[in-house]
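For reference, the structure is listed below as structure tokens.
There are 2 protein chains.
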Amino acid sequence: MLELAILGFLRDQPLHGYDLRTRVAALMGHVRPVADGTLYPAIKRMAAAGWLLRNHEPGLVAAPRRMLYLTVEGRQELERRLREPGELDISDENRWFTLLAFLRHLDEPKEQAAVLRRRLAFLEEPTSFFYEDGRPMAAEEFADPFRQGLLTIAHATSEAELAWLRATIDSLEPLEPPGPHPERP
Amino acid sequence: MLELAILGFLRDQPLHGYDLRTRVAALMGHVRPVADGTLYPAIKRMAAAGWLLRNHEPGLVAAPRRMLYLTVEGRQELERRLREPGELDISDENRWFTLLAFLRHLDEPKEQAAVLRRRLAFLEEPTSFFYEDGRPMAAEEFADPFRQGLLTIAHATSEAELAWLRATIDSLEPLEPPGPHPERP
DNA sequence: CCAATATACATCGGGTTCGAGGTATAAGCT
DNA sequence: AGCTTATACCTCGAACCCGATGTATATTGG
């Protein structure tokens, strides 16, 4: 998740670590702050992997900084991760939101739509949080208001996202144009 | 998060590891499946901490199992974690949902309301996911439909939760009785 | 009767993350 | 001149998590 965010932000423009830190913190830090001890080692191993280059530059404001540039390999890695996200990237909200933040860097609308459809499929499968003797429990079955709330909120949030997903997929994949040589009607 | 779920499920009834696994998977596994290699070490260290006891019993269906019982210390630990959750438990959705699933085990409605109010305060503080030159960007400012969606969804979900939070806090903490006799009609 | 499946538990290695601490530089305040 | 704050980077140990792998038992299906 962190690595994806780093690749994504650097795709737009070169940044130094500190700047990257503030951007990552804005994107995900509200929910899950990123520690220096996580960010800098990540930068280091990504540089070692050849995905980015580090350049010493004098600090504009204070201490000298190390500007980070995405390499061609880095851009390919970003695209690979966007095109073929793991199941966790689809199901975990934090990861999914990160992915969504950079999905525009896939240049094929069809590929973008394919990723959205995976999320759609995930949200459409019925699930329950609690089971009693193997039977899923509905919100109304709980005396507990907190578990009721849990299910209510989960339902409301997924409805909102489903609506957006369906609309966006449609706009990315307009119906097959009714051309003169239709492969399929 | 995992430890909280274990404490919470065992608060209701003794369970063996495998049963625990299915329950934890139902609660959080949809989003973030829990691996055996995570669960069993967690059980082990929680037993070492004195929060639970393990008992060998013959398997009802197949292999012998180790029944897990929450100790008094374990119950106190659960209550401590519910009463004084860390910031991450409040901000991270996965953790927060887990907490919510077991919040009924705090027996004081006031304490429950206090926890809900922390989440409320967190959701009420204005935040932005993206900044341009230090200025937060609104959804309309993006050409990018994915970032637009990101903000739209985040907004919708937090509205749903806010409504629930406010209603539930009110029901847990009825308005101060205006009379000289605080009994309340 | 054999294979597959579900139950049930466990360990190990590799990798990631966090928290705490440390080192500098420059600006602004007192 | 000294203090604080913001910028900017880095390391280390402890903890944690995941995936792979391994062991064993009972039921079900072919």
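Protein chains in written order, with the working numbering: chain G, 186 to 370; chain D, 186 to 370. Ideal placement from N, C-alpha and C gives every residue a C-beta, glycine not left out.
Counterpart residues of residue i in DSSP-defined beta bridges
{"i": "L308 (chain D)", "result": "None, per the DSSP bridge assignment."}
{"i": "M252 (chain G)", "result": "G:H201, G:N240"}
{"i": "R320 (chain D)", "result": "D:E317"}
CB of residue i within 7 angstroms of CB of residue j, strictly
{"i": "L255 (chain G)", "j": "R196 (chain G)", "result": "yes"}
{"i": "R265 (chain D)", "j": "D274 (chain D)", "result": "no"}
{"i": "R239 (chain G)", "j": "L224 (chain G)", "result": "no"}
{"i": "S343 (chain G)", "j": "F307 (chain G)", "result": "no"}
{"i": "E296 (chain G)", "j": "R250 (chain G)", "result": "no"}
{"i": "V219 (chain D)", "j": "V209 (chain D)", "result": "yes"}
{"i": "T312 (chain D)", "j": "A324 (chain D)", "result": "no"}
{"i": "A341 (chain G)", "j": "A352 (chain D)", "result": "no"}
{"i": "L335 (chain G)", "j": "L285 (chain D)", "result": "yes"}
{"i": "E310 (chain G)", "j": "E278 (chain D)", "result": "no"}
{"i": "D329 (chain D)", "j": "R289 (chain G)", "result": "yes"}
{"i": "L301 (chain D)", "j": "L350 (chain D)", "result": "yes"}
Minimum Cβ-Cβ distance from residue i to chain D less than 7 angstroms
{"i": "I191 (chain G)", "result": "no"}
{"i": "R217 (chain G)", "result": "yes"}
{"i": "Y316 (chain G)", "result": "yes"}
{"i": "I275 (chain G)", "result": "no"}
{"i": "R302 (chain G)", "result": "no"}
{"i": "G244 (chain G)", "result": "no"}
{"i": "R289 (chain G)", "result": "yes"}
{"i": "G202 (chain G)", "result": "no"}
{"i": "W349 (chain G)", "result": "yes"}
{"i": "A306 (chain G)", "result": "no"}
{"i": "T342 (chain G)", "result": "yes"}
Buried or exposed (CB count within 10 angstroms, at least 16 for buried), residue i
{"i": "P370 (chain D)", "result": "No answer about P370 (chain D) holds up, because its pLDDT of 49 lies below 50 and its placement is not dependable."}
{"i": "R304 (chain G)", "result": "buried"}
{"i": "A339 (chain D)", "result": "buried"}
{"i": "G235 (chain D)", "result": "exposed"}
{"i": "V246 (chain D)", "result": "exposed"}
{"i": "T283 (chain G)", "result": "buried"}
Nearest-angstrom Cβ-Cβ length linking residue i and residue j, presumed shorter than 8 angstroms
{"i": "L347 (chain G)", "j": "A298 (chain G)", "result": "Contact doesn't hold; Cβ gap of about 15 angstroms is too wide."}
{"i": "L212 (chain D)", "j": "I191 (chain D)", "result": "Actually they are not in contact, since the Cβ atoms of L212 (chain D) and I191 (chain D) sit about 11 angstroms apart, beyond 8 angstroms."}
{"i": "F194 (chain G)", "j": "L200 (chain G)", "result": "6 angstroms"}
{"i": "F327 (chain G)", "j": "L189 (chain G)", "result": "F327 (chain G) to L189 (chain G), Cβ: 37 angstroms. No contact."}
{"i": "G259 (chain G)", "j": "I228 (chain G)", "result": "About 12 angstroms separates the two Cβ atoms, so there is no contact after all."}
Proximity test, Cβ basis, 7 angstroms: residue i and chain G
{"i": "P370 (chain D)", "result": "Unreliable placement is indicated for P370 (chain D), whose pLDDT of 49 sits below 50; the coordinate value is still reported in the next sentence. So no, P370 (chain D) is outside the interface."}
{"i": "I338 (chain D)", "result": "yes"}
{"i": "D292 (chain D)", "result": "no"}
{"i": "W281 (chain D)", "result": "no"}
{"i": "F331 (chain D)", "result": "yes"}
{"i": "L267 (chain D)", "result": "no"}
{"i": "T353 (chain D)", "result": "yes"}
{"i": "G214 (chain D)", "result": "no"}
{"i": "A286 (chain D)", "result": "yes"}
{"i": "E296 (chain D)", "result": "no"}
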